[in-house]
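Peer 1: This structure is in structure tokens; I'll ask about it shortly.
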DNA sequence: GTCTATACGAAGATAGAC
DNA sequence: GTCTATCTTCGTATAGAC
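If you want it as structure tokens, here you go:
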């Protein structure tokens, strides 16, 4: 059994954190070492393929963390609550960093032209998030195609809102997107029954 | 009167194009010179503050190009049509680059922690796009607050969809987001009148 | 496994000739 | 204005000692 807080995992976590703030190109090995406290000589021992490998694993890790949070929030089978929890997480990230940090998976996508493997990890992460949310909508009676569209909209809009929030240094974009997505979800899972004639 | 295709403007355009593909950190002066054909000795003549200044102007330029396209599409006062035109533009960018290019303004936001001025340009661009779209919705009878929320959702979702599309190398995210946004817009501008009793 | 030292290249920025 | 040459810094990656 392996302890999950060994040096290697700590480096991956540090890399994910720094990539979130500075991007892939803006994060050097020295930065990761300083942040993680890992010894310099152990980089190529743990990551033989160098930075490309570290970025890949950091992207995969970041994707999994979000997926786990999303899955937990979806336990209650209430898509609206999951949406709120998901958005609240991002708002915490933004506020906790004074709007300096965003999503590592987005960063890996944008700067992943030099390492296709990192971009593939990013693609897998987005697909997983969409799948989780679409599944919850389907369990609440939304048909497959619509559930997929809504899930893609939710993931895209939230990730986009995080970008807008960073640029404008305000949580307002995230709140507006949250409001619209919640109402849309509510409408989708609630069959449009004409108002009955009262009691 | 100044010709708009002089060396300086060409460098700005090249920078915007390259940033869209490789990000800010991934775009060097040498890249911009090779792409624009500008002479090496003229960099610090045209941009005394160096790369930071070039990135700022490229971000501003990219924001204006999109804003102009959006304003043109909104001429007809049909928000749905504008939405389609806006999305079609991004789909063309993605397909034309084999999903290697995205939005320079997003790139400037993510890597703009080293140059606050570039991020401010990005924030201004996003705000302008939102404002344009919200204005069109208001002219179609949507109340201010709702128009703002819908506009933020649209900008965030489309920018997010461009990121997803790059990662997954597919235009599908953009198409799904387009479908949902169009329906949402249609619902918002069409007052929910209960069906009248016939002709 | 981890260390120090270093190779090697590329980046941004500057200086001085033309 | 534009050129070439160069300075300085910093990045990844490697080599060899412990």
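Chains as they are written, first to last, in this note's numbering: chain A, 3 to 201; chain B, 3 to 201. Ideal Cβ positions, reconstructed from N, Cα and C, are used throughout, including at glycine. Just so we're clear, the structure is a prediction, and the values are computed from it rather than from any experiment.
(1) Compute the distance between the beta-carbons of residue 111 (chain B) and residue 121 (chain B), then report whether it is under 8 Å.
(2) To the nearest angstrom, how far is it from the Cα of residue 21 (chain A) to the Cα of residue 72 (chain B)?
(3) Beta-carbon separation of residue 160 (chain B) and residue 179 (chain B) under 8 Å?
(4) For the segment 144 to 167 of chain B, which residues have a CB atom closer than 8 Å to at least one CB atom of chain A, in sequence order?
(5) Mind checking residue 30 (chain B): buried by the 16 CB within 10 Å criterion, or exposed?
(6) From what residue to what residue does the alpha helix (DSSP H) around residue 44 (chain A) run?
(7) Between residue 125 (chain B) and residue 169 (chain A), which are expected to be in contact by the criterion C-beta below 8 Å, what is the C-beta distance as a whole number of angstroms?
(8) When burial is assigned at 16 or more other CB atoms within 10 Å of the CB, is residue 135 (chain B) buried or exposed?
(9) With three or more beta-carbon pairs closer than 8 Å as the criterion, would you say the segment 93 to 109 of chain A touches the segment 42 to 50 of chain A?
(10) Which residues of the segment 79 to 90 of chain A have a Cβ closer than 9 Å to any Cβ of chain B? Give them in chain order.
(11) Residue range of the alpha helix (DSSP H) that residue 91 (chain A) falls in?
(12) On the criterion of 16 or more Cβ atoms from any shown chain inside 10 Å, does residue 1 (chain B) qualify as buried, or is it exposed?
(13) In terms of residue numbering, what span does the alpha helix (DSSP H) encompassing residue 128 (chain B) cover?
(14) Looking only at C-alpha atoms, which of B:154, B:158, B:109, B:117 sits nearest to residue 28 (chain B)?
(15) What residue range is occupied by the uninterrupted alpha helix (DSSP H) comprising residue 188 (chain B)?
(16) Using beta-carbon positions only, say whether residue 80 (chain A) and residue 141 (chain A) come within less than 8 Å of one another.
(17) Excluding the 5 residues preceding and the 5 following residue 188 (chain A) in the sequence, name in chain order all residues of the same chain whose CB lies nearer than 8 Å to its CB.
(18) Spatial neighbours of residue 173 (chain A) within its chain, please: C-beta separation below 7 Å, excluding the five flanking residues on both sides.
(19) Thinking C-alpha only, which one of A:76, A:114, A:87 is nearest residue 60 (chain A)?
(20) Tell me the residue span of the alpha helix (DSSP H) that contains residue 74 (chain A).
(21) How about residue 117 (chain B) and residue 23 (chain B): do their beta carbons lie closer than 8 Å?
(22) Does residue 25 (chain A) get closer than 8 Å to chain B when you measure Cβ to Cβ?
(23) Just the C-alpha distance for residue 65 (chain B) and residue 123 (chain B), rounded to the nearest angstrom, thanks.
(24) Just to confirm my understanding: we take residue 171 (chain B), look at its own chain, exclude 5 residues before and 5 after, and list those with CB closer than 6 Å. What are they?
(25) Along chain B, which residues have their Cβ under 8 Å away from the Cβ of residue 170 (chain A)?
(26) Strictly below 9 Å CB to CB, what residues from chain A border residue 65 (chain B)?
(27) Just to make sure I have the definition right: I need the residues of chain B whose C-beta is within less than 8 Å of the C-beta of residue 28 (chain A). Which are they?
(28) Within the continuous alpha helix (DSSP H) that includes residue 113 (chain B), where are the two ends?
(29) Taking Cβ positions, are residue 131 (chain A) and residue 157 (chain A) nearer each other than 8 Å?
(30) For residue 9 (chain B), which option in B:25, B:34, B:40, B:35 has the closest C-alpha, if you only look at C-alpha atoms?
(31) Beta-carbon of residue 181 (chain B) versus every beta-carbon of chain A: anything under 8 Å?
(32) So, helix, strand or coil for residue 21 (chain B), using DSSP?
(33) For residue 146 (chain A), which of helix, strand or coil comes out of DSSP?
(34) From the beta carbon of residue 109 (chain A), is the nearest beta carbon of chain B less than 8 Å away?
(35) Judging by CA-CA distance, which residue of A:177, A:176, A:153, A:67 is the nearest neighbour of residue 191 (chain A)?
Peer 2: Concretely, from the data shown:
(1) Closer than 8 Å, so yes.
(2) 32 Å
(3) yes
(4) 150, 151, 152, 154, 155, 157, 158, 159, 160, 161, 162, 163, 165, 166
(5) exposed
(6) In the DSSP assignment, residue 44 (chain A) falls outside any alpha helix (DSSP H) and carries neither an H nor an E.
(7) 4 Å
(8) buried
(9) no
(10) none
(11) 81 to 98
(12) Only positions 3 to 201 of chain B appear in this structure, which leaves residue 1 (chain B) out of reach.
(13) 118 to 141
(14) B:109
(15) 174 to 191
(16) no
(17) 82
(18) 93, 96, 97, 167
(19) A:114
(20) 53 to 75
(21) no
(22) yes
(23) 8 Å
(24) 101
(25) 125, 128, 129
(26) Within 9 Å Cβ-Cβ: nothing; residue 65 (chain B) doesn't reach chain A, min ~11 Å.
(27) 27, 113, 115, 116
(28) Run containing residue 113 (chain B): none; DSSP gives neither H nor E here.
(29) Going by C-beta atoms, residue 131 (chain A) is nearer than 8 Å to residue 157 (chain A).
(30) B:40
(31) By the rule that beta-carbons nearer than 8 Å mark a contact, residue 181 (chain B) touches chain A.
(32) Taken through DSSP and simplified to helix, strand or coil, residue 21 (chain B) comes out as helix.
(33) helix
(34) yes
(35) A:153
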